[in-house]
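Asks: Going down the list, the sequences are from chains A and B.
Residue numbers are given in the working numbering: position 46 of the first sequence equals residue 59, and the series is strictly consecutive.
Residue numbers are given in the working numbering: position 96 of the second sequence equals residue 100, and the series is strictly consecutive.
Glycine is no exception: its CB is placed at the ideal position from the N, C-alpha and C atoms.
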Amino acid sequence: MEDLRFQHRVRTRAGGTRQSAIVGVVASGNLEVLVERVLPDAECALDIKTAAIGFGEVWTAVVGDFVERYSPGGLRFSINDGGARPDTVSLRLAQAVRLIAENGQ
Amino acid sequence: MTTWQNNRAARDVRIAAGAGLARGKVVEARDATRLLEAVIRPGDRVCLEGDNQKQADLLSQALLAVDLSRVNDLHMVQSGVVLPEHLDLFDRGVAKRLDYAYSGPQSARIARMLFGGKIELGAVHTYLELFARYFIDLTPQVALIAAVSADREGNLYTGPNTEDTPTVVEATAFKDGIVIAQVNEIAETVPRVDIPSDRVHFIVKSDKPFFVEPLFTRDPAAITEGQILTAMLAIKGIYAPYGVQRLNHGIGFSTAAIELLLPTYGERLGLKGKIATHFALNPHPALIPAIESGWVRQIHSFGSEVGMDEYIRARSDVYFTGPDGSLRSNRAFCQTAGLYACDMFIGSTLQIDLQGNSSTVTTSRIAGFGGAPNMGADARGRRHPSEPWLKAGAEAAPDGAALLRRGRKLVVQIGETFGDKNVPLFVEKLDAIELAEKLNLELAPIMIYGDDVTHIVTEEGVANLLLCRTAREREQAIRGVAGYTDVGRRRDHGMVARLRERGVIRRPEDLGINPLDADRSLLAARSIKDLVRWSGGLYAPPSKFRNW
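What follows is the structure in structure tokens.
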């Protein structure tokens with residue numbers, strides 16, 4: 014296991030009113046993403062527990078692109094990764110930010 | 005005095021030599037090898053019917069057993085190198101030279117034998133190219149073909165897998181060659197005549213039905229969310245804006261995902277009747293839900309698919325069928341249809357380079373090409389207009405005079421940035437080039453040339469290469485959808501951003517695609533059993549696809 018943490022300053026707050034959302038599953042080649050609206054509007058953070066060791070550089074790139082494209086201000090992501098491919102990680106992050114942007118509790 | 009009928013005379017001598025083993029045209033299976041020894045001469049060009057699916061397996065085994073002092077150094081000219089026996093012929097010395105098109109199941113062994121010098125390679129062809137050469141410089145002296153049944157006269161019924169047979173027989177029988185057919189049964193009358201008897205010289209009844217390879221069945225249960233996202237990008241980013249009605253699909257999971265999204269996602273987008281109505285396509289089981297939902301008007305097929313016979317029979321409005329009710333396929337005609345009458349080819353590949361060249365050849369596997377290069381090539385002889393063809397032509401050359409501007413076939417490569425076993429789809433240099441260097445080939449085995457490719461679709465987005473104006477723009481458009489592969493990570497971020505502003509690259513969010521829709525619940529069928537249900541029980545999948 015490897016733990017990674019990323020913190021970014023972002024332009025805008027993530028849309029919607031939902032306080033938390035969860036997507037994906039913990040499985041080989043897959044990942045679970047819990048997203049919570051708990052941070053100041055201009056910040057976001059990602060805490061990653063991954064089964065695959067030595068991929069910090071790819072995570073940095075995936076997370077950097079994600080923050081740039083979606084500006085997920087105010088959100089903290091807790092990720093349980095079963096060694097998913099970077100394209101699967103990107104999809105789950107996009108799904109998480111979309112789900113919490115929907116209205117609801 | 006010059007004689008002008010030497011070949012006919014030589015053929016008659018061969019027929020007479022074989023006739024001693026036959027009653028009428030019928031030869032017992034146990035005499036098949038002796039028949040081949042009687043009619044084949046050393047160095048002959050022989051077409052051993054290895055199609056994409058249907059295999060003349062009894063005749064392959066019979067040929068492998070010949071006395072090498074009588075039959076040797078043959079030049080095999082066959083579209084498919086599919087059975088182990090096809091290569092055993094070279095190991096044993098029965099055959100020496102090979103011209104072919106496709107070698108999927110034997111791809112690893114054929115690579116080893118080429119490196120080992122066991123096979124003298126003519127060329128790896130596209131189907132139409134090899135068929136064309138049957139009529140010019142690779143005309144077979146002997147054709148060994150497969151059919152379902154024959155009558156005593158030698159009229160042949162090929163069943164749904166007609167495939168290459170009419171083409172092979174045409175080239176052989178009308179140029180003084182010998183045609184030998186293995187059949188599953190000899191009947192009083194055949195259900196329909198696919199090959200007339202005067203083109204068939206000998207018939208061998210096989211003890212067991214010829215082997216058919218199920219090549220076109222993709223289990224919906226194995227389709228991933230990434231493939232669903234990629235399929236949504238293709239539908240919304242290419243099918244919809246161009247209004248693609250006439251097309252061919254490759255056989256991968258990405259195109260199976262598209263087929264299964266038509267009745268759900270396509271319906272929601274209001275595209276029914278506007279896209280995907282006419283196909284050059286094998287009977288893909290994954291298309292059943294779209295057919296049942298009224299999307300598909302007509303399909304012409306290269307060959308059939310195991311388990312689809314009854315469904316096809318019952319859906320003759322959609323498929324081409326004979327007076328007996330079963331599918332009539334024809335590879336040469338369907339390849340021609342795909343080349344000239346389809347506005348789009350969309351399929352997967354194993355490697356794409358920075359110019360957009362693609363190949364399924366790796367240094368350890370030479371799978372050949374199959375139909376993709378004919379489907380995935382702009383037809384320079386095309387003259388009829390259609391909306392997608394004209395639109396693509398206008399995008400490629402916006403300043404040209406409209407009345408003189410050629411249209412363009414849409415040639416789309418689709419896939420996930422990382423394929424099987426996390427192997428990257430995008431590479432700086434194709435393995436095909438390395439292979440050509442090692443084998444001293446004059447041409448690298450490229451499946452689709454970059455200058456024919458118009459779009460590349462991955463889960464990261466759609467790259468429209470028609471809109472690229474320079475080689476550098478093209479390279480960055482490709483890098484811009486190459487995800488986190490090394491090729492993708494070495495992109496020029498500024499240039500990729502500008503290409504996106506111009507619509508050369510379009511991301512899911514640019515197309516209004518909700519990532520939450522990338523879910524297996526969006527597939528019209530999620531298992532083989534669902535496909536059986538959609539077909540009203542008419543589809544009978546082979547046992548390896550049944551888990552109930």
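Comparing C-alpha positions only, which one of B:ASP35, B:LEU535, B:GLY22 sits nearest to TYR315 (chain B)?
Replies: Among B:ASP35, B:LEU535, B:GLY22, the Cα nearest to that of TYR315 (chain B) is on B:LEU535.
Asks: Does the segment 397 to 409 of chain B come close enough to the segment 429 to 439 of chain B that 3 or more CB-CB pairs lie under 8 Å?
Replies: The segment 429 to 439 of chain B is not in contact with the segment 397 to 409 of chain B.
Asks: Anything in chain B within Cβ reach of GLN108 (chain A), meaning under 7 Å, just list it in chain order.
Replies: By Cβ distance, chain B contributes PRO519, LEU520.
Asks: Quick check: the Cα distance between GLY126 (chain B) and VAL500 (chain B), rounded to an integer number of angstroms?
Replies: Taking the straight line from one Cα to the other gives about 42 Å.
Asks: Counting only C-beta atoms, is LEU59 (chain A) closer than 7 Å to chain B at any point?
Replies: Not closer than 7 Å to any Cβ of chain B, the Cβ of LEU59 (chain A) fails to qualify, so no.
Asks: Within the same chain, show all residues whose beta-carbon is closer than 8 Å to that of VAL466 (chain B), passing over the 5 residues directly before and after it, in chain order.
Replies: Here the set comprises LEU237, ALA238, GLY241, ILE242, HIS459, ILE460, VAL485, ILE509, ARG510, LEU515.
Asks: Report yes if the C-beta distance between GLY22 (chain B) and ALA36 (chain B) is below 7 Å; otherwise report no.
Replies: Going by C-beta atoms, GLY22 (chain B) is not nearer than 7 Å to ALA36 (chain B).
Asks: Do you know how far the Cα of MET451 (chain B) is from the Cα of SER362 (chain B)?
Replies: The alpha-carbon atoms of SER362 (chain B) and MET451 (chain B) are separated by roughly 6 Å.
Asks: Pair every Cβ in the segment 332 to 340 of chain B with every Cβ in the segment 350 to 364 of chain B, then say whether three or more of these pairs are closer than 8 Å.
Replies: With a cut-off of 8 Å, the segment 350 to 364 of chain B and the segment 332 to 340 of chain B do not count as touching, because too few Cβ pairs lie within range.
Asks: My guess is that VAL183 (chain B) and LYS58 (chain B) are in contact by the Cβ rule of under 8 Å, so how many angstroms apart are they, rounded?
Replies: In fact, because the Cβ distance is near 15 Å, the residues do not count as touching under 8 Å.
Asks: Just to confirm, is the Cβ distance from PRO293 (chain B) to ALA528 (chain B) under 7 Å?
Replies: In this structure, ALA528 (chain B) lies closer than 7 Å to PRO293 (chain B) by Cβ.
Asks: Rounded to the nearest angstrom, what separates VAL172 (chain B) and ILE517 (chain B) at their Cα positions?
Replies: Rounded to whole angstroms, VAL172 (chain B) to ILE517 (chain B) spans 48 Å at the Cα level.
Asks: Does the separation of the CB atoms of GLY37 (chain A) and ARG105 (chain A) fall below 7 Å?
Replies: Yes.
Asks: Is the CB of PRO99 (chain A) under 7 Å away from at least one CB in chain B?
Replies: Yes, because at least one Cβ of chain B sits closer than 7 Å to the Cβ of PRO99 (chain A).
Asks: Of all the options B:PRO267, B:TYR453, B:TYR543, B:ALA33, which has the alpha carbon lying nearest to the alpha carbon of THR364 (chain B)?
Replies: Closest option to THR364 (chain B), Cα to Cα, is B:TYR453.
Asks: What is the rounded straight-line gap between the Cα of ARG483 (chain B) and the Cα of THR474 (chain B)?
Replies: The alpha-carbon atoms of ARG483 (chain B) and THR474 (chain B) are separated by roughly 14 Å.
Asks: I'd like to confirm the pairing. Which residues does DSSP put opposite PRO85 (chain A) in its beta bridges?
Replies: DSSP output for PRO85 (chain A) lists no bridge partner at all.
Asks: Using a Cβ cut-off of 7 Å (strictly closer), state whether TYR488 (chain B) contacts chain A.
Replies: For TYR488 (chain B), the answer is yes, since a Cβ of chain A falls inside 7 Å of its Cβ.
Asks: Please work out which residues of its chain come closer than 6 Å, Cβ to Cβ, to GLN32 (chain A), disregarding the five sequence neighbours upstream and downstream, and give them in chain order.
Replies: Excluding positions up to five away in sequence, the list reads ARG50.
Asks: One question on the structure: do ASN378 (chain B) and LEU343 (chain B) come within less than 7 Å of each other, judged by their Cβ atoms?
Replies: Against a cut-off of 7 Å, the Cβ pair of LEU343 (chain B) and ASN378 (chain B) comes out as a contact.
Asks: So if I threshold CB-CB distances at 9 Å, which residues from the segment 419 to 452 of chain B count as touching chain A?
Replies: Answer set for the segment 419 to 452 of chain B: GLU420, THR421, PHE422, ASN426.
Asks: With H, G and I counted as helix, E and B as strand and the rest as coil, what does DSSP make of ALA290 (chain B)?
Replies: Three-state result, ALA290 (chain B): helix.
Asks: DSSP state of HIS205 (chain B), grouped into three classes?
Replies: Of the three classes helix, strand and coil, the one that applies to HIS205 (chain B) here is coil, per DSSP.
Asks: What are the boundary residues of the alpha helix (DSSP H) that TYR323 (chain B) is part of?
Replies: Counting along the chain, TYR323 (chain B) falls outside any alpha helix (DSSP H), and DSSP gives it neither H nor E.
Asks: Per the contact definition of three or more C-beta pairs closer than 8 Å, is the segment 376 to 395 of chain B in contact with the segment 85 to 103 of chain B?
Replies: Touching, no.
Asks: On the DSSP bridge list, what partners appear for ASN468 (chain B)?
Replies: DSSP output for ASN468 (chain B) lists B:HIS459 as bridge partner(s).
Asks: Between which two residues does the alpha helix (DSSP H) harbouring VAL43 (chain B) extend?
Replies: From DSSP, the alpha helix (DSSP H) with VAL43 (chain B) extends over 36 to 43.
Asks: Output needed for LEU233 (chain B): all residues of its chain with C-beta closer than 6 Å, excluding positions within five of it in sequence on either side, in chain order.
Replies: Around LEU233 (chain B): GLU463, ALA522.
Asks: Is there contact here, the segment 16 to 34 of chain B with the segment 47 to 57 of chain B, by at least three beta-carbon pairs under 8 Å?
Replies: In short, these stretches do not touch, since the Cβ pair count stays below three.
Asks: Whose Cβ in chain B lies nearer than 9 Å to the Cβ of ARG111 (chain A)?
Replies: Going along chain B in sequence order, the residues near ARG111 (chain A) (Cβ under 9 Å) are ASN518, PRO519, LEU520.
Asks: With 7 Å as the threshold, decide whether the Cβ of LEU104 (chain A) is near any Cβ in chain B.
Replies: Chain B contact via Cβ: present.
Asks: Have a look at the DSSP bridge pairing and note the partners of TYR104 (chain B).
Replies: DSSP lists B:GLN82, B:VAL128 as partners of TYR104 (chain B).
Asks: With respect to the beta strand (DSSP E) encompassing VAL427 (chain B), which residues constitute its N-terminal and C-terminal limits?
Replies: First-last for VAL427 (chain B): undefined, no H or E at that position.
Asks: Taking C-beta pairs closer than 8 Å, name the residues in chain E that LEU233 (chain B) reaches, listed in chain order.
Replies: Annotation note: the requested chain E is absent from the structure, which comprises protein chains A and B.
Asks: Looking at the C-beta of VAL139 (chain A), does it have a partner C-beta in chain B at a distance below 7 Å?
Replies: With chain A represented from 14 up to 118, any question about residue 139 (chain A) goes unanswered, as that position is not in the structure.
Asks: Does VAL71 (chain A) get closer than 7 Å to chain B when you measure Cβ to Cβ?
Replies: So yes, VAL71 (chain A) belongs to the interface.
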